[in-house]
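Numbering (my numbering), first residue to last: 291 to 425.
In this text, a Cβ means the ideal position worked out from N, Cα and C, and glycines have one as well.
Here the structure is a predicted model, which is why all the values come from computation and not from measurement.
Reviewing the structure listed below.
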Amino acid sequence: MVALLLIAACASSAPIIRVRSDQSQYAWGDRVFVTVTNGTRDTVLNDRCGGEVQDTRDGRTWKANFGRECDDFGRGWRARAQIIPPGASRVDTLTAMPADTGVGRVKLLLRDTQGRLLADTLRESNTFKVGGRTR
């Protein structure tokens, strides 16, 4: 029983990366501010020319509704990356442009210092409501 409690305690205190939006609802064209918090012991790099706001209607299939405008492709991702040291937080901004009303999230291109993409679950924000473009 004691061993089981120790395992549960260790699992719950595992270092994590959090991507959180500033609001619970966005309309078409709204700016989505996300805070990335690095709870690991390693530096994380956020490719500022990558990442997207995604939306879903069925809760299973996610599609990008808008990527990011970037005029800095020539320098390479590492030169333009936002550095997030251990224990630090950084804010990033994207634009919501959902085709339909539904649920949205942000998915960033977070990498380790070797350039490998982090697991999808570490790069995805909380979900939020999105409203499609009014006609």
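| query | result |
| --- | --- |
| Top-ranked residue by Cα proximity to R380, from T333, Q313 and Y316 | T333 |
| According to DSSP, residues forming a beta bridge with I306 | Paired residues: none, contrary to the question. |
| Minimum Cβ-Cβ distance from W352 to chain C less than 7 Å | The structure shown contains no chain C; it is built from a single protein chain. |
| Residues near Q372 by beta carbon distance below 6 Å, same chain, minus five either side | N336, R338 and R380 |
| For T383, three-class secondary structure by DSSP | strand |
| Helix, strand or coil at L509 [DSSP, three-state] | For the chain, the structure presents residues 291 to 425; residue 509 sits outside this window and is missing. |
| Per-residue DSSP class, three states only, for A371 | coil |
| D402 (DSSP reduced to helix, strand or coil) | coil |
| Closest by C-alpha distance to V343, when choosing among A378, L407, Q404 and D320 | D320 |
| Among L412, G394 and A354, nearest to D402 - alpha-carbon criterion | L412 |
| Same chain, Cβ closer than 7 Å to G422, neighbours up to 5 away in sequence not counted | W318, P388, A389, D390 and T391 |
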